[in-house]
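Under the numbering used here, think of the first position of the sequence shown as 18, with each following residue one higher.
Beta carbons: idealized from backbone N, C-alpha and C, even for Gly.
Everything on this sheet refers to the single structure shown next.
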Amino acid sequence: MSKEQCPSPHNAAAYGDIAKTVLMCGDPLRAKFVAETFLTDAVQYNAIRGMYGYTGLYKGHRVSVQGHGMGIPSIGIYSHELFHHYDVDRIIRFGTAGALTDDMNLGDMLFAQGACTDSNYGHQFDFPAQFAPIADYGMLETAVRIARERQFPFKVGNIYSADVFYDESDRQMDWGKYGVKAVEMEAAGLYINAAAAGKKALTICTISDQLVRKEFATVEQRQSSFTNMMEVALETAITE
18 MSKEQCPSPH
28 NAAAYGDIAK
38 TVLMCGDPLR
48 AKFVAETFLT
58 DAVQYNAIRG
68 MYGYTGLYKG
78 HRVSVQGHGM
88 GIPSIGIYSH
98 ELFHHYDVDR
108 IIRFGTAGAL
118 TDDMNLGDML
128 FAQGACTDSN
138 YGHQFDFPAQ
148 FAPIADYGML
158 ETAVRIARER
168 QFPFKVGNIY
178 SADVFYDESD
188 RQMDWGKYGV
198 KAVEMEAAGL
208 YINAAAAGKK
218 ALTICTISDQ
228 LVRKEFATVE
238 QRQSSFTNMM
248 EVALETAITE
């Protein structure tokens with residue numbers, strides 16, 4: 018396959034194989050689960066580095082779903098290439114997060130309207146001052162409406178995109194004092210890339226760990242049982 022046919026060294030898809038809207042998740046097995054459970058006529062377009070990607074139909078609409086790995090550097094690569102090499106217009110990240118405030122329960126969804134971060138990822142863009150990475154409001158509003166109609170438990174608020182998982186400083190919980198509801202590792206990078214590309218992005222997370230009350234979901238629940246957020250992400254993908 019030529020460089021023109023395959024625009025990326027990290028993605029085996031040819032130009033046109035990927036839909037205009039892509040759902041992304043850290044775990045590529047979760048992408049596989051979504052493709053096999055929710056999509057019809059799904060075709061796998063990528064398996065390089067085990068980062069599975071699929072394009073299929075959801076209620077007659079063309080949608081793609083792909084893994085992005087862990088952390089801002091990883092989602093930074095994959096989302097950049099989707100926006101710039103494959104002409105993707107919108108990315109909806111769905112994944113898990115740890116609650117930093119007591120009002121979030123296991124299984125609740127959080128729609129990340131903004132993303133705080135300790136990452137230096139934005140330094141490359143030479144912003145004239147601090148940049149506040151935020152979601153696309155249209156997609157956010159749509160996702161909220163869909164969740165409310167289905168009576169899924171959710172909240173809207175800020176999320177903290179951490180650069181480290183095992184934080185030796187033990188200060189991640191401090192973000193909860195400022196109303197930041199949960200911690201994950203990718204939203205800020207995705208939002209920065211979307212802003213730089215003039216594209217749209219949204220992050221939807223399900224609370225898998227209640228860090229205030231020390232409650233934790235099982236590995237199996239993390240991989241395949243958070244179907245509420247998958248449904249909201251898919252419905253948003255074909256509505257907005």
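#1: For Y177, which three-state DSSP category applies?
#2: CB S186 to CB A114, shorter than 8 Å?
#3: Helix, strand or coil for T38 per DSSP?
#4: If contact is defined by three or more beta carbon pairs under 8 Å, each pair taking one atom from either stretch, is the stretch 84-101 in contact with the stretch 203-213?
#5: Assess, as a yes-or-no matter, whether the stretch 166-173 is touched by the stretch 118-125 under the definition of 3 or more beta carbon pairs within less than 8 Å.
#6: If you follow the beta strand (DSSP E) that V60 is part of, which residue opens it and which one closes it?
#7: Are G155 and N175 touching if we call contact CB-CB under 8 Å?
#8: Short check: CB of Y71 to CB of A52, under 8 Å?
#9: Can you check whether the CB of Y62 is closer than 8 Å to the CB of I151?
#10: If you count every other CB in all the chains shown that lies within 10 Å of the CB of T253, and 16 or more means buried, which is it?
#11: With a threshold of 16 other CB atoms inside 10 Å of the CB of G73, please say whether the residue is buried or exposed.
#12: Given a cut-off of 8 Å, decide if L99 and I108 are closer than it, judged by their beta-carbon atoms.
#13: Which residues in the same chain have their Cβ closer than 8 Å to the Cβ of R162, if we skip the five residues on either side of it in sequence?
#14: Determine which residues share a DSSP beta bridge with M202 and list them.
#15: Please classify F100: does DSSP put it in a helix, a strand, or coil?
#16: In the structure shown, what three-state DSSP assignment does M126 receive?
#17: In terms of residues, what are the limits of the beta strand (DSSP E) holding A164?
#18: Roughly how many angstroms separate the alpha carbons of P45 and S136, rounded to a whole number?
#19: Our contact map puts I35 next to Y103 with C-beta atoms below 8 Å; I'd like the distance itself, whole angstroms only.
#20: Based on DSSP bridge pairs, tell me the residues matched to N28.
#21: Taking only three categories from DSSP, how would you classify E248?
#22: Leaving out the 5 sequence neighbours to the left and right, which residues in its chain are closer than 6 Å to T256 when beta-carbon positions are compared?
#23: Does the beta-carbon of R188 have 16 or more other beta-carbons within 10 angstroms, so that it is buried, or is it exposed?
#24: By DSSP, does D191 sit in helix, in strand, or in coil?
Let's see:
#1: strand
#2: no
#3: Assigned with DSSP and collapsed to three states, T38 falls in strand.
#4: yes
#5: yes
#6: T57 to N63
#7: Between G155 and N175, the CB-CB gap reaches or exceeds 8 Å.
#8: Yes, the pair counts as a contact, with Cβ atoms nearer than the cut-off.
#9: Not in contact: I151 and Y62 (Cβ atoms no closer than 8 Å).
#10: Residue environment for T253: buried (at least 16 other C-beta atoms within 10 angstroms of its C-beta).
#11: With 16 or more Cβ atoms within 10 Å of its Cβ, G73 is classed as buried.
#12: yes
#13: none
#14: Looking at the DSSP assignment, M202 forms no beta bridge with any residue, so it has no partner.
#15: F100: helix per DSSP, three-state reduction.
#16: strand
#17: Not the beta strand (DSSP E): A164 falls in the alpha helix (DSSP H), residues Y154 to E166.
#18: Just so you know, the alpha carbons of P45 and S136 end up roughly 23 Å apart.
#19: 5 Å
#20: S25
#21: helix
#22: T159
#23: exposed
#24: helix
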